[in-house]
Amino acid sequence: MRFLRTRLIDLVLVMVGVSILTFLMIRLIPGDAVAIMLGANTEVTADRVAELRGRLGLDQPIWVQYLSWIGGVLGGDLGVSIWTRRPVLDEIIGHVWPTLQLTVLALAIGAGLAVPLGVLMARLRGRGWDVGLQIGSVMGLTIPSFWLGIMLILALTVLAPEWQVLGYVPFSQDPVGNIQRLILPAFALALPILANLARLVRSAMLDALQQDYIRSARARGASEASILFKHALRNALIPFVTSVGIMTGYLLGGAIVVEQVFAIPGLGRLILGAIAERNYPLVQATILVVTFTFVMVNFAVDLLYALIDPRVRT
Amino acid sequence: MSKSSGNAAFGTSALAAALLASAMALSPATARAQVLQAAVDASPAGLDPHLITAFTSFQIVNGTIYEGLTTIDKDLRIVPGLAQSWTIAPDGKTYTFKLVPGATFHDGSPVEAADVVASINRVLSKDIASPLASRLAAVDKATASDASTVTIAMKEASAPFLTALASIAIVPRAFETNKDGLQRQPVGTGPFRFKEWQPNGFIELSKHAGYWNKAQPKLDGVRFNIIPESATRQVGLSSGQYAMLPNIDAATALQLRGRPGVKLAETMELAYTLVGMNTSKAPFDNPKVREALNYALNRGEIVQAALFGAGVPGGPLSPALKDWAVSTSSFPCFTHSAAKAQDLLKEAGVTTPVAVTLLVLPRQDIRDIAQVVQAQLNKAGFKAELRIPELGQFVQDWRNSNFDAFVSTNAGSVDPDDYFFRTFRTGGSTNVFKYSNPAVDALLDSARVDLNQAGRKAAYDRVQNLLACDGPAAFMTYGQLFTASRQNVTGFDIIANRSLMSLADTTLAR
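Protein chains in written order, with our numbering: chain B, 4 to 317; chain Y, 902 to 1411.
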């Protein structure tokens, strides 16, 4: 219970810190919404600029803006988008599904393939194949997703020109088109975590295979398969679970880049667009929501970890 | 054992291939009847035509969703739009517009004079805070004489007024005091009506069945897909997923040239690239230093090196404005001479090399140009450094005249007044050079109210000569503007002001 309480306090502190940081940082970037929208060399008189700023509420002192914003957030109101006056929450909900789908798909590919691949790598240790797999996994770790994304798009236009790769259609509208468009970006996003997790499973397996209980199992005459999957893998999975939680955070970050390349209207595009047009309420709310998600995932992983391994509970 | 492990080692790629194959087999032929798929790079902040004036918004709404009383055609002439005809009183202080019969808004209501009056009042209103208000500065009062006649009384004669009206969209009178209603749900009179906006995904327009010109539009709709990556847009056009990339620069266009199934339309830009100089402080407060910078530039080399040959050196007005632009052959400083530049610096009495920092607009073509400019200046008695900030920072420094000099692009229009008055008149809203020349001011003031074409032309010729060599801006180049499309797209005309109004005449062959 004490464990739970400290984790909860951490969580609240992180959220308060993030709210202040995002609020200040976006305002530290020079230029404001009006200047950005008008761009350079637009014909507009100074008094009109002042009127526009007043209209958007940008003429208030910064602490007044923060207090009115945080007050709203605590009351469940995340604010309205600066130009369209649409509730920020609607904008976020409108962008959350593509990112969620992409992240889950990438996580499924990454985590799903990492276990068999990692076990295999552990099994083949020291043989010729091992070197190839190691090189492959290092490449997977280091290839940037945006480059891989562009390469996949280019390759596909040559190999299968009919394939619709770009953009996004909701699953409810066109399930096939939806999967068709998401599978490549999900793969581009998944490759680094696949490589990362596979290496992790490999070393955890190697570690587990040297333990005494494996030797005992061998002595008892257990089959090779039983030793690998029943005895070693179960123990190797503990660090794996933790890593998957951390990877989820990586995926949210990576999704920004991949969404940009594949033109997927997800949260990443929303944040980038909001920063570019200095849409303060939208940036603040989106970062807050994403941070909250990440913190909650880690919280859940911590709890899960405590369940698996009794030693961390104290 | 080794056999099975070999298979598993390639499990990743095998699985990907299997997924590819299965999804392809299931893929339906997504045939959308006569909806043109265009790809643009940025999502507009909103679609209220009186509020969001950036090109990302303009190209989606101008001439497609919205129309003004007048229109600018592909040859950059002022032609009737929602007003089928007009008369101007001899003193230029009263305009009477007759509206086109049968025009309706997308909500079904008829377009009447009261809507035009409401639209003009909306732009002028302090509450709406439209940045377009300065274009209607000469308007005293608009009144509806009858349902189809609008009378506009002017404070003074205004030569660029009919040009300005082309950019004032007519909206239903119900929006006169409605600040936010049009940002997400535009309602206009144009050939296409707003259908759907998936933020960061696409904006789709569909045919306006009640459009007053019964011959238009020919398409059932247009979808503007928002694709931020240039490489992705190019691949999309090459593969046929997109049918058009409107208003792209030379670098992108030249990469697409020659791809099978792709064609390019091009026209001369109205916007120009320039080195703008701060005339309120040393060293550019000295006209001789400004002239030296002009001689130091080799404009032909800039066109070749940074615009890939797709452009021309140009003076204060775009060569596309054939009725107005003075030939660059009459500007001596357009003949590059590093020696002459050095001499002028000596005459100016400044110590060489003259150290200057160039503030650079963070856009790829402008960065390329700035690097060439830097090299040229450094060979002619200057010591130039580049500062390339993020866009927000650039705009702020630019507006506050916080620079020695800047490299950027200035927008143009079809009327010389738009080029000059706000930018070079003392106290003009974009006169960030802090330039003040009484002779230029007097000419700009008189040409603005002069309705006589020959008189205006003489005044603007004089202005161009005054500005060209020791003015606050070294005018450099006018680039080519391109639109790339699939071969089966017909009837589309590229227009230098970046309007996509000719989508109304565009068809898609099967």
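Yeah, the Cβ is synthetic: ideal placement off N, Cα and C, and Gly gets one too. These numbers were taken from a predicted model, which means no experiment stands behind them.
So residue i packs on residue j, CB below 8 Å; how close in whole Å?
i       : j       : result
Y/A1154 : Y/V1390 : The Cβ separation is near 15 Å, so there is no contact.
B/I290  : B/V21   : 7 Å
Y/L1157 : Y/L1165 : 7 Å
Y/P1118 : Y/P1092 : 4 Å
Y/E1295 : Y/P1263 : Reading the sequence as shown, one finds Phe at residue 1295 of chain Y and not Glu. Confirmed, about 6 Å.
B/G152  : B/A191  : 4 Å
Y/F1185 : Y/A1306 : 6 Å
Y/L952  : Y/S1020 : Y/L952 to Y/S1020, Cβ: 13 Å. No contact.
Y/L1000 : Y/S1049 : 4 Å
Identify the continuous beta strand (DSSP E) that holds residue i and give its terminal residues.
i       : result
Y/S986  : 984-989
Y/Q938  : 936-941
Y/K999  : 995-1000
Y/V1255 : 1255-1261
B/M208  : Counting along the chain, B/M208 falls outside any beta strand (DSSP E), though it belongs to the alpha helix (DSSP H) covering 178-212.
B/S219  : Segment 215-223 is the alpha helix (DSSP H) holding B/S219; no beta strand (DSSP E) there.
Y/V1040 : 1040-1047
Y/A1054 : 1050-1055
Within 9 Å of any Cβ in chain B, is that where the Cβ of residue i sits?
i       : result
Y/A932  : The predicted position of Y/A932 is uncertain, since its pLDDT is 44 and thus under 50; a value taken from the coordinates is nonetheless stated next. Judged by the 9 Å Cβ criterion, Y/A932 is not in contact with chain B.
Y/L927  : Low confidence applies to Y/L927: its pLDDT is 40, below 50, so where it sits in the model is not reliable enough to give any reading.
Y/D1319 : yes
Y/K1027 : yes
Y/I1128 : yes
Y/K1056 : no
Y/Q1099 : yes
Y/K1115 : no
Y/S1330 : yes
Y/K1080 : yes
Y/L952  : yes
Y/P1032 : yes
Y/R1300 : yes
Y/S1107 : no
Y/R1023 : no
Y/A1285 : no
Y/R1288 : no
Y/A1397 : no
Y/G907  : Model confidence at Y/G907 stands at a pLDDT of 37, short of 50, so the residue's coordinates are unreliable and nothing is read from them.
Y/R1323 : yes
Y/L921  : Residue placement at Y/L921 is flagged as unreliable, the pLDDT there being 43, under the threshold of 50; the coordinate-derived value follows with that caveat. Chain B contact via Cβ: present.
Counting only beta-carbon atoms, is residue i nearer than 9 Å to chain Y?
i      : result
B/T251 : no
B/R157 : The sequence shown places Leu at residue 157 of chain B, rather than the Arg named in the question. By this cut-off, B/L157 is an interface position.
B/N282 : yes
B/R30  : no
B/I39  : yes
B/A279 : yes
B/P164 : yes
Using a cut-off of 9 Å between C-beta atoms, extract the partners of residue i located in chain Y.
i     : result
B/G34 : E1291, L1292, G1293, Q1294, F1295, V1296, Q1297
Taking C-beta pairs closer than 7 Å, name the residues in chain B that residue i reaches, listed in chain order.
i       : result
Y/G947  : W86, T87
Y/G1137 : L169
Y/A1281 : Chain B residues near Y/A1281: none, gap ~27 Å exceeds 7 Å.
Would you give the residue range spanned by the alpha helix (DSSP H) that residue i belongs to?
i       : result
B/Y253  : 236-265
Y/P981  : Segment 979-981 is the beta strand (DSSP E) holding Y/P981; no alpha helix (DSSP H) there.
Y/K1241 : 1239-1249
B/T106  : 91-126
B/A158  : 148-162
B/D133  : 131-145
Y/T957  : 956-962
Interface residues of chain Y around residue i at Cβ under 7 Å?
i      : result
B/Y171 : G1102
B/I160 : According to the sequence displayed, residue 160 of chain B carries Thr and not Ile. Here the neighbours are V1136, S1139, S1140.
B/G328 : With chain B covering only 4 through 317, there is no way to say anything about residue 328 of chain B.
B/R51  : A1030, P1032, A1034
Starting from the beta carbon of residue i, find every residue of chain B whose beta carbon is closer than 8 Å, and list them in chain order.
i       : result
Y/R1085 : T87, R89
Y/T1133 : I153, I156, L169, V264, F265, A266
Residues of chain Y with CB under 8 Å from residue i, in chain order?
i      : result
B/T48  : A1034, S1035, S1330
B/G129 : By Cβ distance, chain Y contributes nothing, its closest Cβ being about 13 Å from B/G129, past 8 Å.
(request) Could you tell me which uninterrupted alpha helix (DSSP H) segments, each at least 4 residues in length, are contained entirely in the segment 1277-1305 of chain Y, listed from first to last along the chain? (result) 1292-1300
(request) Pick out the complete beta strand (DSSP E) segments inside the segment 1094-1151 of chain Y, 3 residues or longer, and give them in chain order. (result) Qualifying beta strand (DSSP E) stretches, in chain order: 1103-1108, 1122-1127, 1145-1149.
(request) With a floor of 4 residues, list each alpha helix (DSSP H) that falls wholly inside the segment 1159-1222 of chain Y, ordered by position along the chain. (result) 1188-1197, 1200-1207
(request) Give, in chain order, every unbroken run of the alpha helix (DSSP H) that is at least 4 residues long and sits entirely within the segment 1294-1378 of chain Y. (result) 1317-1325, 1339-1350, 1354-1369
(request) Taking only runs that begin and end inside the segment 25-77 of chain B, name each unbroken alpha helix (DSSP H) of 4 or more residues, in chain order. (result) With a minimum length of 4 residues, the unbroken runs of alpha helix (DSSP H) contained wholly in the segment 25-77 of chain B fall at 36-41, 49-58, 65-77.
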